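Notes for the one structure printed next.
Residue numbers (our numbering): 1 to 213.
And the structure:
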């Protein structure tokens, strides 16, 4: 019994560590992506960076959630988590609106990024890191039979999808220079940002844990 309790505590600590790593990674990714995206005039990379900052807010709520269910697995969301979810949802909706409007404007004006090489590099790194996080979170979630941690793994998978969109738009532009592909990629990011925002509000209004993908 003592050994089982020790293993459970260890797994919750791993889940908390994964949540903290996700927060720190998104901070670094957000800073780098927004800076390079602005310098290279790549809307897709800049928007990807803004999404990373929003994921930081979400990550704080996840870290708090892990501590809560570690203490009491049968507990429900409190005021802090619901507030964090609503703040994250609003941020995602604002990001969606901004990306859509800016994409339409860049298509209208015929704007092209200076280059998208770093978008390829950042997206490949993000895909690898986020995929490892997804597998690790799923493993811990299954070991703990924890619906919240498994749901978080599904939401992390959305970050993989967004990284793939950035990779495709940046890679295609870098190779072929196709007009508007950066803006089209940005619209793809806005789609997932909207879905994440909607998911946040659904979670904030209930005690269920939905899969983001």
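Even glycine gets a Cβ: it sits at the ideal position worked out from N, Cα and C. Please read all numbers here as calculations on a predicted model, not as lab measurements.
Legend entry - For residue 9, three-class secondary structure by DSSP: Reading the chain shown from its first residue, position 9 is the one you call residue 9. It is helical.
Legend entry - Limits of the alpha helix (DSSP H) - the one that residue 114 falls within: Numbered from its first residue, the chain shown carries residue 114 at position 114. Residue 114 -> no alpha helix (DSSP H), and no H or E assigned at all.
Inset, instruction - Take residue 152 and list the residues in its own chain whose beta-carbon comes closer than 7 Å to its own, dropping the five residues that flank it on each side. - result: Residue numbering aside, residue 152 sits at position 152 when the chain shown is read from its first letter. Excluding sequence neighbours, residue 152 sits near 62 and 137.
Inset, instruction - Taking 8 Å as the threshold, find out whether the region 172-185 comes into contact with the region 102-117 through three or more Cβ pairs. - result: yes
Legend entry - Coil, strand or helix - residue 180 by DSSP: Translated into positions along the chain shown, residue 180 becomes position 180. Three-state result, residue 180: coil.
Legend entry - Given residue 47 as reference, the closest of 206, 188 and 207 once Cα atoms are compared: Position 47 of the chain shown, counting from 1, holds the residue named residue 47. Measuring from the Cα of residue 47, the nearest candidate turns out to be 188.
Legend entry - Whole-angstrom distance between residue 190 and residue 148, CA atom to CA atom: Locating residue 148 in the chain shown gives position 148, where the first residue counts as 1. Locating residue 190 in the chain shown gives position 190, where the first residue counts as 1. Spanning the two alpha carbons is a distance of roughly 25 Å.
Legend entry - Candidates 37, 70, 101 and 76, of which the one nearest residue 207 by Cα: Counting from 1 along the chain shown, the entry for residue 207 is found at position 207. That would be 76, whose Cα lies nearest to the Cα of residue 207.
Legend entry - Pick from 6, 165 and 156 that is closest to residue 21, judged by C-alpha positions: By one-based count along the chain shown, residue 21 stands at place 21. That would be 156, whose Cα lies nearest to the Cα of residue 21.
Inset, instruction - Jot down the residue ranges of each uninterrupted alpha helix (DSSP H) in the region 28-105, minimum 4 residues, whole runs only, in chain order. - result: 43-71
Legend entry - Alpha-carbon spacing of residue 42 relative to residue 8, whole angstroms: Residue numbering aside, residue 42 sits at position 42 when the chain shown is read from its first letter. Residue numbering aside, residue 8 sits at position 8 when the chain shown is read from its first letter. Residue 42 and residue 8: Cα-Cα distance of roughly 45 Å.
Legend entry - Cβ-based neighbour list, residue 96, same chain, cut-off 6 Å, excluding 5 preceding and 5 following: Against the chain shown, residue 96 aligns to sequence position 96. Cβ neighbours of residue 96 beyond the five flanking positions: 190, 193 and 194.
Inset, instruction - Could you tell me which of 122, 67 and 100 sits nearest to residue 214, measuring between CA atoms? - result: Residue 214 lies beyond the range of the chain shown here (1 to 213); nothing can be said about it.
Legend entry - the region 82-98 in contact with the region 32-40 per 3-pair CB rule at 8 Å: no
Legend entry - Short Cβ contact (8 Å threshold) for residue 200 with residue 55: Position 200 of the chain shown holds residue 200. Position 55 of the chain shown holds residue 55. No, Cβ-Cβ distance for residue 200 and residue 55 is not below 8 Å.
Legend entry - Per-residue burial, residue 57 [other beta carbons within 10 Å of its own, 16 or more giving buried]: For the purposes of this step, residue 57 is taken as the residue at position 57 of the chain shown. The residue in question, residue 57, is buried, as its Cβ has 16 or more Cβ neighbours within 10 Å.
Inset, instruction - Name the residue from 143, 140 and 115 whose alpha carbon lies nearest to the alpha carbon of residue 179. - result: Here residue 179 corresponds to residue number 179 of the chain shown, with the count starting at 1. Ranking the options by Cα distance to residue 179, first place goes to 115.
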